[in-house]
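Residue numbers (the numbering used here): 141 to 518. Here a beta-carbon is modelled for each residue, glycine too, at the ideal position from N, C-alpha and C.
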């Protein structure tokens with residue numbers, strides 16, 4: 141029991157109440173972080189607004205959709221800049237303390253470097269957890285709404301979007317081949333073909349038509365100019381019948397075809413699990429969905445990694461902290477994204493096991509931070 145309570149007792153002894161040294165360093169860092177976060181987010185908002193400006197002129201729909209798209213994109217922008225803001229802030233503040241010899245004075249007074257930066261490290265761990273939760277509960281729902289607004293804008297500008305053309309897909313009881321979908325009329329046009337398969341893998345019947353309309357209530361499909369061909373258990377032709385119009389109770393609805401593959405980045409952890417099952421049913425590759433499941437937890441870990449590296453890099457800063465911090469932030473964040481993107485691509489394509497591809501980058505950078513600490517004389 142004492143072993144379990146020891147870390148909590150140490151935390152209470154060291155940080156409750158917050159010491160003057162901790163307040164001095166942490167709040168200096170926190171103010172810099174908030175200011176940097178606001179500045180970087182504002183820059184992305186301006187870029188985003190400039191990028192969608194064309195829809196204010198060309199779109200025939202209400203211009204409020206443009207502003208709503210930018211608004212719903214805001215959480216995603218914040219999510220993107222948290223790690224660079226953390227890296228710059230901790231590197232800048234620790235670098236300032238190092239350049240001004242305040243860091244040396246603290247250590248001469250008997251406070252170890254690790255103890256000095258512990259509040260910031262705890263903040264990095266907290267940000268890992270916060271950004272994981274933020275991504276699942278705020279960013280993903282906002283991204284869905286932003287995509288809806290973008291679709292409205294794009295369609296108002298006479299651009300084809302969410303367009304399904306010549307789709308072959310597996311259903312619960314058979315296989316479909318559909319030509320193209322008119323969502324406004326809830327209709328498949330140009331061709332609708334279906335073959336029902338027994339659990340043993342044998343066809344029972346096929347049906348083809350020029351047009352198929354989905355009726356949501358009651359759930360049914362009305363096929364026009366349809367031809368139905370039925371087989372017996374020996375795969376011998378039993379009948380071939382043509383219908384001007386016939387209703388079928390296919391288990392799939394129109395959305396099954398209109399959005400056969402959803403974007404994994406627009407789904408939370410539980411939706412990703414459902415999407416895997418859905419893709420297995422449809423016969424669609426789902427490896428990238430499993431990758432996104434790991435990404436939901438691995439990517440926010442970057443918040444802690446950059447805080448650790450930033451603190452160590454700031455401690456060895458000998459010149460202007462601002463210039464050094466900016467350069468280090470750009471280099472570390474850029475390298476992190478490049479390595480992570482490369483490993484993600486390899487994992488999605490099967491060149492690496494998924495868990496290795498998604499966790500190798502934070503492991504490498506964490507080891508780099510440990511190696512840097514061991515080489516530093518602090």
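Alpha carbon to alpha carbon, how far is residue 338 from residue 388? Give it in angstroms, no decimals. About 17 Å.
Check whether the segment 251-259 touches the segment 481-491, taking contact to mean three or more Cβ pairs, one atom from each stretch, closer than 8 Å. As far as the Cβ criterion goes, the segment 251-259 does not touch the segment 481-491, which means the pair count is below three.
Can you give me the start and stop residues for the beta strand (DSSP E) that residue 314 sits inside? For residue 314, the enclosing beta strand (DSSP E) has its first and last residue at 314-322.
Beta-bridge partners of residue 332, as assigned by DSSP: For residue 332, the pairing in a beta bridge is given by DSSP as 318, 349.
Using a threshold of 8 Å, state whether the C-beta atoms of residue 204 and residue 455 are closer than that. Result no, Cβ atoms of residue 204 and residue 455 do not sit closer than 8 Å.
Would you kindly work out how many angstroms separate the C-alpha atoms of residue 506 and residue 319, rounded to a whole number? Using only the alpha carbons, I get a separation of about 50 Å.
Spell out a yes or no on whether the segment 442-452 and the segment 468-475 are touching, meaning 3 or more CB-CB pairs, one atom from each, closer than 8 Å. Between the segment 442-452 and the segment 468-475 there are three or more C-beta pairs closer than 8 Å, enough to call the two in contact.
Which residue or residues does DSSP assign as beta-bridge partners of residue 388? The secondary-structure analysis by DSSP pairs residue 388 across a beta bridge with 361.
Spatially closest choice to residue 234 from 210, 414, 169, 220, by CA coordinates: Residue 169 is the option with its Cα nearest to residue 234.
So does the segment 348-358 actually touch the segment 314-329, counting three or more Cβ pairs closer than 8 Å? With the cut-off at 8 Å, the segment 348-358 and the segment 314-329 touch.
Between residue 426 and the rest of its own chain, which residues show a CB-CB distance below 8 Å, the 5 nearest in sequence each way excluded? Around residue 426: 415, 416, 419, 420.
Under 8 Å, do residue 222 and residue 185 count as touching if we go by C-beta distance? Not a contact, by the Cβ cut-off of 8 Å.
Reduced DSSP category for residue 203 - H, G, I as helix; E, B as strand; rest coil: If DSSP states are grouped into helix, strand and coil, residue 203 belongs with coil.
Residue closest to residue 230, alpha-carbon to alpha-carbon, out of 492, 171, 313: Ranking 492, 171, 313 by Cα distance to residue 230 puts 171 first.
Identified DSSP bridge partners for residue 370: DSSP, once it has assigned bridges, lists 345, 379 as partnering residue 370.
Let me know the secondary structure DSSP gives residue 241 once reduced to three states. Three-state DSSP puts residue 241 in coil, outside helix and strand.
Would you kindly work out how many angstroms separate the C-alpha atoms of residue 394 and residue 325, rounded to a whole number? Their Cα atoms are separated by approximately 11 Å.
Given a threshold of 16 other Cβ atoms within 10 Å of its Cβ, counted over all protein chains shown, does residue 306 qualify as buried or as exposed? Around the beta carbon of residue 306, a 10 Å sphere encloses fewer than 16 other beta carbons of the protein chains shown; the residue is thus reported as exposed.
DSSP three-state call for residue 479: helix, strand or coil? Note: residue 479 maps to helix in three-state DSSP.
Indicate whether the contact test is met: 3 or more Cβ pairs, each with one atom in the segment 434-442 and one in the segment 268-276, closer than 8 Å. For the pair of segments examined, the segment 434-442 was found to touch the segment 268-276: the number of CB pairs separated by less than 8 Å reaches three.
Can you tell me whether residue 478 is buried or exposed? The criterion is at least 16 other CB atoms within 10 Å of its CB, across all chains shown. The Cβ neighbour count for residue 478, taken over all protein chains shown within 10 Å, is under 16; the residue is labelled exposed.
To the nearest angstrom, how far is the alpha carbon of residue 340 from that of residue 313? If you draw a straight line from the Cα of residue 340 to the Cα of residue 313, it comes to about 11 Å.
How is the alpha helix (DSSP H) around residue 438 delimited, first residue to last? 427-438 is the span of the alpha helix (DSSP H), which, as asked, contains residue 438.
Out of 493, 515, 442, 491, point me to the one whose CA is closest to residue 220's CA. That would be 442, whose Cα lies nearest to the Cα of residue 220.
Around the Cβ of residue 112, are there at least 16 other Cβ atoms within 10 angstroms (buried) or fewer (exposed)? Because the chain is modelled from 141 through 518, residue 112 falls outside the range shown and cannot be assessed.
Check residue 456 in the structure and name its three-state DSSP category. Taken through DSSP and simplified to helix, strand or coil, residue 456 comes out as coil.
Cβ shell of residue 504 (< 8 Å), same chain only, five flanking positions each side left out: For residue 504, where only same-chain residues beyond five positions count, the Cβ hits under 8 Å are 479.
With residue 343 and residue 371 assumed to form a contact (beta carbons below 8 Å), what rounded beta-carbon distance in angstroms separates them? Contact flag correct, Cβ pair sits at about 6 Å.
Assigned secondary structure, residue 424 (DSSP; H/G/I helix, E/B strand, else coil): It is coil, neither helix nor strand.
Please name the residue in 404, 375, 167 whose C-alpha comes closest to that of residue 263. The shortest C-alpha separation from residue 263 is found at 167.
So the alpha helix (DSSP H) residue 266 belongs to, where does it begin and stop? Note, residue 266: alpha helix (DSSP H), 253-274.
Could you give the DSSP three-state label for residue 492: helix, strand or coil? Note: residue 492 maps to coil in three-state DSSP.
Option nearest residue 308 by Cα separation, candidates 386, 396, 161, 282: Looking at the Cα atoms, 396 is the closest of the given residues.
State the Cα-Cα distance for the pair residue 431 and residue 245, rounded to the nearest angstrom. Linking residue 431 to residue 245 through their CA atoms gives a straight-line distance of about 47 Å.
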